[in-house]
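The numbering of the sequence shown is my numbering, which starts it at 46 and goes up by one. C-beta: ideal position from N, C-alpha, C; glycine also. Just below is one structure, and these are the notes that go with it.
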Amino acid sequence: MRLALPVAAAGAAAAVTAALLTSSADAATALPKPTVKPAVSSPSLTELKQRVAGALAGDDTAGQTAKSSLSASTGTNTATVDPKIIGGSETTITSAPWMAQLWYHDKRGTSTESDDIGFFCGGAVVAPTKILTAAHCVKGYDWHANGAIVTGTAQLPTDDGAGGADLHGGTVTGVWRQWNHPSYSASTVDNDIAVLTLPVPVKATPIRMTTAGDTASYAAGTSAKLYGWGRTSSTSQDISQTLKTATLPLQSDTTCAGYYGADFIKGHMVCAGKPATGSDTGTTAACNGDSGGPLVVNNRIVGVVSWGVADCVRKGAYSVFTKVTSYVGAAYPRIDDTNLSGDHKADLWVRNASTRTGYEKDSRGTSFGARQSWGDWDGVNLVLQTDLDRDGYQDLIYRVSSSGDVHWTHYVPASGSWATRQIADNWKTRTRIVAPGDVTGDYLPDLLSVDSAGVLWIYPGKGNGTFAPRVKVSSGWNQYNSLRGHGDFSGDGRTDLIARKTDGTLYLYKGTGKAGSGAFATRIKVRSWSGYNAFDAVGDVTGDGKADFLARTPGGTLYLYPGTGKASSEIFATRISVGTDFKQYDIFG
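See the structure below:
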């Protein structure tokens, strides 16, 4: 018998170089600030506390399905989707600052409470506005309308007696948008991974996912730490008021399949813990209420609490987790998915060569919508789309033609306005500047540049528009007439670069998640591309979780090359024309 595991809530610095600035002071500039930014509606604190209180009173669990053996109910049905830790010990938020509580309450638009939905899941902060959790906690629910995320506390909320919740020092936020793996199956609880995006960044220190291809962390016998607020006993529905942790040994696929048979899907799942004893005594396991929470090895998330047996202690059973290394390629683009319109699709920023007007063109998946003016952008010769402060709002980096100074303009949610800061001084001779995302593997976006000698430098971002001292990658980069990148082209969850030589040869530089000379693997020739004179990489245009590429012909036709996630000649699918009037644009963000 398999059950997914959420719970019924009722149971519940120094200068880099002379050329790069790290000052936090806003730099004066005569250039216009962006005038278009999508508004994000965020519930009031009162409403969010009411959602938490409603969820606390709920008796549902996430992921409920028509199959009783996979039901998420924690009522009289014994086959449930529950979150809990049996046999663990209490811990503090200081030891796991990235832990998040996911509360869901839907009144269903009726005056009666009989049809209300209320449940609780766990999750982990993996970026300032991103929560990694289980798909069975997300799929089929409207988290923007009904969800509340609590961070910064080891205590579960309690009813405050006034229709809201006492958060015990925690911070509550709403949910902007949600993503779950497109192949998630409720019947098999397969591909059980999801990401929630918050409308504002939280102060909680993020934890990173493990990397794609990680095998060492999953070796049988490896000690992993489980965190959650779930049930603490198989004989009671009560969940822990205080965050708990437990150490579990990882088991081999053979061991897991030996107990669960075909229910255990090798490569997609991992199980952990010693065989349950049949009772609470001698058993350490995840249980109802722990769903969506992290399994951690060496300070990286290797698993997401997914499913287990009813009441969690059946003799010989193990706790089952989503195997995160297999899903980094799908989840990472959702962690780095800021765009101009606020959906899950990367948008395009362009400038008209004659009028110098900047335009936003929102992605429609395989086309772009009507352009929206951003005003006069005269006096700049480079614009890049990025999110240096990881606040979920897309920023722009631009270079002033006359001075070579580089500025960062970013939206400030608190004031509803834009702020501009100079981040580099006199970069006239930099032949390439790229803002591809997180190159160094710390989930903070970095800045790259190629100097006049052809040396590629990484400026590791600090997440606030400032940078650590630059790090040299290698020389020889002036052989390329185009260097672009935004996101992961190879499907391994690391940030890559696409470089093109003057003869049209296209190369992929796979990111390694490291800084310095080892930042990129040996280049791979992927295409021979002649017939194009402008390129752009803005991220996932199609919304399928893979980074895409754009190329323009001299005649003005812009083609979208959907990414495939393959580091080979098949790196892109068949091109799609997205317009024939792009000759007029001289800058592509």
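- By a beta-carbon distance limit of 8 Å, ARG345 contacts ARG253. Their separation comes to about 6 Å.
- GLY108 is the residue among GLY601, GLY108 and SER535 whose C-alpha sits nearest the C-alpha of ASN225.
- Taking 3 residues as the shortest admissible run, the segment 494 to 558 contains the following complete beta strand (DSSP E) segments, listed from N- to C-terminal end: 501 to 504, 516 to 519, 525 to 529, 542 to 546 and 550 to 554.
- The residue from SER447, ILE162 and GLN296 with its alpha-carbon nearest to that of ARG153 is ILE162.
- When beta bridges are read from the DSSP output, VAL171 appears opposite no residue.
- When the Cα atoms are used, ASP204 and ALA102 turn out to be separated by approximately 9 Å.
- Taking the Cβ atoms as the reference, GLY634 lies roughly 38 Å from LEU340, outside the contact range of under 8 Å.
- For SER446, the CB contacts under 7 Å within the same chain, skipping 5 residues up- and downstream, are GLY424, VAL425 and ASN426 in chain order.
- Per DSSP, LYS360 lies in no beta strand (DSSP E) segment and is marked neither H nor E.
- The shortest CA-to-CA distance from TYR149 to any of PRO173, ASP104, LYS406 and ARG416 is the one to ASP104.
- Less than 7 Å divides the Cβ of PHE164 from the Cβ of THR106.
- Here the alpha carbons of ALA596 and ALA398 stand approximately 17 Å from one another.
- Taking the CA atoms as reference points, GLY214 sits about 6 Å from THR198.
- DSSP places PHE309 in the coil class of the three-state scheme, outside both helix and strand.
- In the three-state scheme derived from DSSP, where H, G and I count as helix and E and B as strand, GLN467 is classed as strand.
- Between THR367 and ALA566 the beta-carbon gap is near 27 Å, outside 8 Å, which marks them as no contact.
- Excluding residues up to 5 positions away in sequence, LYS368 and SER371 lie with their Cβ nearer than 7 Å to the Cβ of GLY312 in the same chain.
- Counting the other Cβ atoms within 10 Å of the Cβ of ARG568 gives fewer than 16, which makes it exposed.
- A straight line joining the alpha-carbon of THR411 with that of ALA98 spans about 42 Å.
- When C-alpha distances from GLU135 are compared across VAL500, PRO378, ARG222 and GLY275, the shortest belongs to GLY275.
- Ranked by Cα distance from VAL347, the first of ILE503, ALA362 and VAL373 is VAL373.
- In the displayed model, GLY576 falls within coil according to three-state DSSP, outside both helix and strand.
- In the same chain as ASP487, and ignoring 5 residues on each side of it, the C-beta atoms closer than 8 Å to its own belong to ARG253 and PRO505, in chain order.
- In this structure, GLY576 is the residue among GLY576, VAL247, ALA239 and PRO88 with its C-alpha nearest to the C-alpha of GLY600.
- From the listed residues LEU147, CYS332 and GLY590, the smallest Cα separation to ILE176 is found for LEU147.
- The C-beta distance from THR322 to LYS270 rounds to 21 Å, too long to fall under 8 Å, and the pair is not in contact.
- The continuous alpha helix (DSSP H) containing ALA100 extends over residues 90 to 101.
- Taking all protein chains shown into account, GLU615 has fewer than 16 neighbouring C-beta atoms within 10 Å of its C-beta and is therefore exposed.
- Across the structure, LYS94 and MET314 are spaced so that their CA atoms are roughly 35 Å apart.
- For THR619, the secondary structure class from DSSP, reduced to helix, strand or coil, is coil.
- The segment 520 to 529 makes contact with the segment 537 to 556, as at least three CB pairs between them are under 8 Å.
- By alpha-carbon distance to THR292, the top candidate from SER336, ASP470, LEU492 and GLY133 is GLY133.
- Per DSSP, VAL220 lies in no beta strand (DSSP E) and is assigned neither H nor E.
- Bridge partners of HIS226 according to DSSP: none are assigned.
- The segment 488 to 499 makes contact with the segment 470 to 479: 3 or more CB pairs, one atom from each, lie closer than 8 Å.
- Here HIS181 carries a helix assignment [DSSP, helix/strand/coil].
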